[in-house]
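Below is one structure, written out as structure tokens; comments come after it.
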RNA sequence: UCCUCAGUAGCUCAGUUGGUUAGAGCAUCUGACUGUUAAUCAGAGGGUCUCCCGUUCAAGUCGGGACUGAGGAGCCA
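Right, dumping it as structure tokens:
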């Protein structure tokens with residue numbers, strides 16, 4: 016019976032009027048004891064339900080409060096008033112769930128801050144801003160699968176629990192069933208993980224890449240899209256302890272192929288959201304304009320959100336080498352005026368201020384930087400012939416920073432083992448990985464894209480906690 | 001983890017040099033009105049000034065500490 020209702024998005028787009036409809040949703044506002052703005056999350060727009068005076072008794076009227084859930088039946092008619100094309104002339108209004116206005120934290124007329132709503136993450140979905148964000152997020156996620164599926168990639172589920180501790184991608188969350196009060200110890204006093212559930216030390220994954228490479232060297236092209244965990248004590252607008260990462264891995268790809276794919280991929284999913292979430296993006300664009308009114312003119316975005324996205328979809332990314340990036344920085348007015356806090360020279364890891372300068376001041380568009388010094392990059396990246404650099408690539412996005420990190424992988428067993436030895440990575444625990452190089456090794460490449468950072472970029476939001484449903488950050492694991 | 005800033009009504013904020021009973025808008029409640037668009041109008045209620053310790057005749061206000069949050073940095077996606 017409940018599935019006979021029509022979603023509000025469909026009703027608002029309806030060409031037909033005069034038809035009988037059933038609609039269900041939550042009250043956004045109730046004006047003049049007659050006009051109910053009803054929302055069901057299918058769109059940011061509400062449908063106006065008109066309950067003519069006399070239709071409902073006093074007791075029912077008092078229960079139509081913001082947040083209450085209703086089942087309404089009536090006729091979809093052309094609205095006689097301005098403000099909406101169609102409305103529902105109700106013949107019955109049934110209250111499915113009451114909402115006590117004294118306790119309900121969301122009130123349309125209030126302007127709760129994003130910080131306040133973070134503490135009400137279970138209710139913030141009902142606000143216009145978060146409704147728009149999460150519909151856009153959904154579209155981006157769907158577009159990820161569509162993009163790779165259309166290209167013949169295989170969606171590989173890499174493990175959440177791993178025993179590998181050689182990935183070097185930050186602090187890990189330990190997974191254990193050992194008791195804290197009487198931890199089994201070995202004779203030397205260290206914890207005896209042989210007693211643990213898996214018989215060894217295990218952690219939540221920080222990357223599916225190494226397992227992804229096993230898939231790519233059999234299926235040719237794979238991608239992963241799953242939760243990823245980092246136990247870093249990072250308190251920033253762009254880090255989460257639990258986030259979603261997309262990691263494609265492709266056999267018979269070199270670094271150029273890798274860049275081409277990453278760029279095509281990013282432009283594709285943005286385009287998909289623009290084609291399918293126009294209203295939500297326009298709402299978010301307007302929100303950004305309002306928010307930036309409080310900022311001094313020189314701190315505001317040069318382009319509106321929609322214009323920024325169109326620009327990225329229609330223009331290629333800038334591609335430079337690390338060495339070129341260093342040269343640009345050394346030649347920059349900012350460097351000459353000593354505006355950088357950190358020194359610039361070949362060999363340094365680019366700091367946030369350097370990346371920002373390149374992306375936001377110099378190129379004013381996404382930039383792909385390749386050919387980093389091998390000393391500052393991971394062991395699995397392919398060594399270039401110059402002996403100094405590796406075939407790494409980072410994609411830097413305006414306002415976000417690093418959105419993609421990737422590389423061509425070192426497929427030559429000897430070079431890989433040599434590098435692992437130099438970086439003190441125990442090869443004996445990595446035989447399963449090295450086997451890909453022992454048995455029919457191939458040139459291959461891949462990258463990781465932080466999904467929430469992508470959502471930040473597309474929605475114009477500035478804090479990563481506002482684009483994930485239930486944010487996990489240091490000292491915060493509610494809901 | 002480091003630096004800076006903040007915490008006052010349900011929400012957003014003001015609160016002077018330390019000084020009597022702590023202020024506004026919105027929300028809520030009561031009433032009026034009824035084709036409204038964040039409806040409007042009138043009235044009412046609503047406070048452990050985050051917590052602890054200290055200075056002082058006197059602390060929302062000054063000092064120390066804790067907790068929480070925000071922004072920036074590092075780590076990174």
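In the working numbering, the protein residues as written are 16 to 494. For each residue, glycine too, the CB sits at the ideal point set by N, CA and C.
> residue 407 and residue 392 look like a contact to me (Cβ under 8 Å); what is the Cβ gap, rounded to whole Å?
Replying inline: 5 Å
> Just to check, is the beta-carbon of residue 138 closer than 7 Å to a non-hydrogen atom of the ligand ADP?
Replying inline: Because no ligand of any kind appears in the structure shown, any question about the ligand ADP cannot be addressed here.
> According to DSSP, is residue 175 helix, strand or coil?
Replying inline: coil
>> By DSSP's criteria, residue 460 is part of a beta bridge. Which residues make up the other side?
In response: 265, 423
> What are the boundary residues of the beta strand (DSSP E) that residue 41 is part of?
Replying inline: 34 to 46
> Where does residue 335 fall in DSSP's three states?
Replying inline: strand
>> Relative to the C-alpha of residue 433, which candidate in 466, 396, 458 has its C-alpha closest?
In response: 396
> Between which two residues does the beta strand (DSSP E) containing residue 404 stretch?
Replying inline: 404 to 412
> Helix, strand or coil: which one does DSSP assign to residue 304?
Replying inline: helix
>> Could you tell me the alpha carbon to alpha carbon distance between residue 504 and residue 417, rounded to whole angstroms?
In response: Missing from the structure shown is residue 504; the chain here goes from 16 to 494 and no further.
> Would residue 41 be called buried (16 or more neighbouring beta carbons within 10 Å of its own) or exposed?
Replying inline: buried
> Which one of 465, 163, 296 has the shortest CA to CA distance from residue 238?
Replying inline: 163
>> Rounded to the nearest angstrom, what separates residue 494 and residue 173 at their Cα positions?
In response: 26 Å
> In its own chain, which residues sit with a C-beta less than 8 Å from the C-beta of residue 350, not counting the 5 before and 5 after it?
Replying inline: 344, 359
>> Once the 5 residues before and after residue 60 are set aside, which same chain residues still bring their CB inside 6 Å of it?
In response: 27
> Can you give the Cα-Cα distance for residue 83 and residue 38, rounded to whole angstroms?
Replying inline: 14 Å
> Ordered along the chain, which non-local residues of its own chain (more than five positions away) have a Cβ less than 7 Å from that of residue 252?
Replying inline: 477, 478, 479
> Where are the alpha helix (DSSP H) runs, 4 residues long or more, that stay fully inside the segment 69 to 150, in chain order?
Replying inline: 73 to 78, 129 to 133
>> Count Cβ pairs between the segment 135 to 153 and the segment 54 to 74 that sit closer than 8 Å; are there 3 or more?
In response: yes
> How close, in whole Å, do the beta carbons of residue 23 and residue 55 come, if the pair is a contact with beta carbons under 8 Å?
Replying inline: 5 Å
>> With distance defined between alpha-carbon atoms, name the residue in 419, 119, 290, 457 nearest to residue 466.
In response: 419
> Helix or strand or just coil, what does DSSP make of residue 348?
Replying inline: helix
>> Comparing C-alpha positions only, which one of 96, 105, 160, 366 sits nearest to residue 262?
In response: 160
> How would you write the range of the beta strand (DSSP E) that residue 54 sits in, first residue to last?
Replying inline: 50 to 54
> CA-CA distance, residue 346 and residue 378?
Replying inline: 14 Å
>> Distance check for residue 489 and residue 243, CA to CA, integer angstroms please.
In response: 15 Å
> Smallest Cα separation from residue 79: which of 403, 471, 43?
Replying inline: 43
> Just curious, the alpha helix (DSSP H) that residue 284 is in, first and last residue?
Replying inline: 270 to 291
>> I believe residue 90 touches residue 63 by the beta-carbon criterion, under 8 Å. Please report the beta-carbon distance rounded to the nearest angstrom.
In response: Actually they are not in contact, since the Cβ atoms of residue 90 and residue 63 sit about 13 Å apart, beyond 8 Å.
> CA-CA distance, residue 73 and residue 107?
Replying inline: 14 Å
>> Going by C-alpha to C-alpha distance, which of 201, 265, 96 sits closest to residue 166?
In response: 265
> Based on the DSSP output, what are the partners of residue 238 in its beta bridges?
Replying inline: 170, 263
> Is it the case that the Cβ atoms of residue 141 and residue 121 are separated by a distance below 8 Å?
Replying inline: yes
> Would you say the segment 356 to 370 touches the segment 380 to 391, given that touching needs at least three Cβ pairs under 8 Å?
Replying inline: yes
> If we call anything under 8 Å between Cβ atoms a contact, is residue 188 one with residue 219?
Replying inline: yes
> Going by beta carbon distance, what residues of the same chain come within less than 8 Å of residue 112, once the five residues before and after it are set aside?
Replying inline: 83, 84
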